[in-house]
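Enquirer: Numbering (numbering that gives the first Met the number 0), first residue to last: 0 to 303. Quick one: the structure is below, and I'll ask about it shortly.
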Amino acid sequence: MMRSSLLYLSRAGWARQRLTHLPGANRIASRFVAGETLDSAVEAVRALNAKGLLATLDHLGENVHTEADANRAADAYLALLDKIAASGVKSNASLKLTQLGLDVGEEVCLRNMRRILSRAASTHNFIRIDMEGSAYTEQTLRVFRTLRAEYPNVGVVIQSYLYRSEQDVAALAAEGANIRLCKGAYKEPPTVAFPVKADVDAAYLRLAKAYLDAPNTYIGLATHDDKMIAPLKAYVAERNIPRDKFEFQMLYGVRPQAQEALVKEGYKVRVYVPYGTEWYPYFMRRLAERPANVWFILKNYFRR
Ligand code: FDA
């Protein structure tokens, strides 16, 4: 109930307008967002790198409706890639296709993605295409495949809550794609996604193991859930799966001690570091994943 309400609010323009204009709203967002500027985000990455953690930087934004906004988002990614190269921080980048113009037109999005992927190639970097709501799954995978035929330095995300992911994972494994596997963060109907969490979790383990077993693949295991992480650690140990075939991934501000513990055990761990002024939908999805955070945040807000 709470999850559904928060996911509804994450897409409601009126709520975004009111909540983001509350005094101190940016401070609340800083629980999950590494500041509003590229410089603040790069400093956050530097601090993570010092603890042995890698990063993926996300210039926040989604569902832009004009070509000019999509082009501006692409420019922000070019600046981000240049800044990574100049600063020497260990980070790649993650982005959403609706930020680069998918709702305006696939050609607009492809043009912007080619600009970004060319710059990523020249700075020896990698771009991860996040997965959005199920209305975009088919198109996102199509755009990913078009781009991957031209640029090897691109990967995509699969969500274990979708019924279709079993087939998508089999196809992407056969293609040798680099994927991130997550459970899925959007509000989806039972016609496309498992409505029961236990089924999402079971699918996560099944899909992760299938990908770990596939030759010539790489997987980012994106989860904060010990019920996923522990069995997957056991699985890779049992099967002698080399550690350069996968990495764990977690979100900035979520379970930082668990992130560091995995590094100490010798695993590659990447932290997803979002920044920028467009933090509202991202922030609300994080609250929806763990409604207990709502009370924590309200308590801190009124205590100030
Ligand atoms: P789950 O929600 O099942 O919770 C298990 C445990 O993890 C909780 O009991 C708690 O201990 C901890 N936990 C989880 N979320 C927390 C939070 N917000 N605060 C504090 N503790 C928390 N989704 C998507 O649809 N498309 C995408 O592209 C991505 N990309 C992505 C990248 C990375 C690096 C991560 C880690 C996640 C995503 N996601 C995503 C989000 C993902 O789909 C999912 O919603 C969240 O990771 C929550 O699921 P978990 O598997 O982490 O645990």
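For every residue, glycine included, the Cβ atom is placed at its ideal position computed from N, Cα and C.
1. Across the segment 262-282 and the segment 29-45, are there enough close Cβ pairs to call them in contact, namely three or more that are closer than 8 Å?
2. Starting from the N-terminal side, write out each stretch of the beta strand (DSSP E) that is 3 residues or longer and does not extend beyond the segment 168-212.
3. With a 10 Å radius around its C-beta and 16 neighbouring C-beta atoms as the bar for buried, classify residue 147 as buried or exposed.
4. Output the distance between the C-alpha atoms of residue 149 and residue 57, rounded to the nearest integer angstrom.
5. If you follow the beta strand (DSSP E) that residue 247 is part of, which residue opens it and which one closes it?
6. Give every residue of the same chain whose Cβ lies closer than 8 Å to the Cβ of residue 142, excluding the five residues on either side of it in the sequence, and list them in chain order.
7. Assuming the contact rule is C-beta atoms closer than 8 Å, residue 166 and residue 182 should be a hit. Round their C-beta distance to whole Å, please.
8. Going by alpha carbons, who is nearest to residue 161 out of 136, 92, 245, 286?
9. Using the C-alpha atoms, what's the distance from residue 154 back to residue 145?
10. Tell me whether residue 42 counts as near the ligand FDA, meaning its Cβ is closer than 7 Å to at least one heavy atom of that ligand.
11. Taking 7 Å as the cut-off, is the CB of residue 147 close to at least one heavy atom of the ligand FDA?
12. CB-CB under 6 Å to residue 122, same chain, minus the five flanking residues each way: which ones, in chain order?
13. Taking the continuous beta strand (DSSP E) assigned at residue 81, which residues delimit it?
14. I believe residue 220 touches residue 207 by the beta-carbon criterion, under 8 Å. Please report the beta-carbon distance rounded to the nearest angstrom.
15. Can you tell me which of the three DSSP states residue 160 falls into?
16. Look at residue 288 and residue 184 and say whether their C-beta atoms are less than 8 Å apart.
17. Suppose contacts are defined by Cβ-Cβ distances below 8 Å. Is residue 89 in contact with residue 49 by that definition?
18. I'd like to confirm something about residue 292: is its beta-carbon nearer than 7 Å to some heavy atom of the ligand MN, or not?
19. Residue 28 to residue 245, Cα distance in whole Å?
20. Who are residue 274's beta bridge partners in DSSP?
21. May I ask you to list the residues that DSSP assigns as paired with residue 330?
22. Does the separation of the CB atoms of residue 266 and residue 295 fall below 8 Å?
23. Okay, do the segment 224-239 and the segment 13-21 touch, 3+ Cβ pairs below 8 Å being the bar?
24. Establish whether the CB of residue 213 and some CB of chain D are separated by less than 8 Å.
25. Compare the C-alpha of residue 78 against each of 63, 38, 42 and name the closest.
26. Helix or strand or just coil, what does DSSP make of residue 34?
27. Kindly indicate the opening and closing residues of the beta strand (DSSP E) around residue 220.
28. Excluding the five sequence neighbours on either side, which residues of its own chain have a C-beta within less than 8 Å of the C-beta of residue 24, listed in chain order?
29. Quick check on residue 242: does DSSP put it in helix, strand or coil?
Expert: On the basis of the data shown:
1. yes
2. Segments of the beta strand (DSSP E) lying fully in the segment 168-212: 177-181.
3. buried
4. 23 Å
5. 245-250
6. Closer than 8 Å at Cβ, skipping near neighbours: 96, 101, 105, 108, 109, 112, 128.
7. Actually they are not in contact, since the Cβ atoms of residue 166 and residue 182 sit about 18 Å apart, beyond 8 Å.
8. Ranking 136, 92, 245, 286 by CA distance to the CA of residue 161 puts 136 first.
9. 12 Å
10. no
11. no
12. 80, 84
13. Residue 81 -> not in any beta strand (DSSP E); alpha helix (DSSP H) instead, spanning 66-86.
14. 6 Å
15. coil
16. yes
17. no
18. Although the ligand MN was asked about, the structure shown includes only the ligand FDA as ligands.
19. 30 Å
20. 58
21. Here the chain comprises residues numbered 0 to 303, so residue 330 is not present and cannot be evaluated.
22. With respect to the 8 Å criterion, residue 266 and residue 295 are not classified as neighbours on the basis of their beta carbons.
23. no
24. Of the chains in the structure shown, none is chain D; there is only one protein chain.
25. 38
26. Residue 34 falls in the coil class under three-state DSSP.
27. 217-221
28. 18
29. helix
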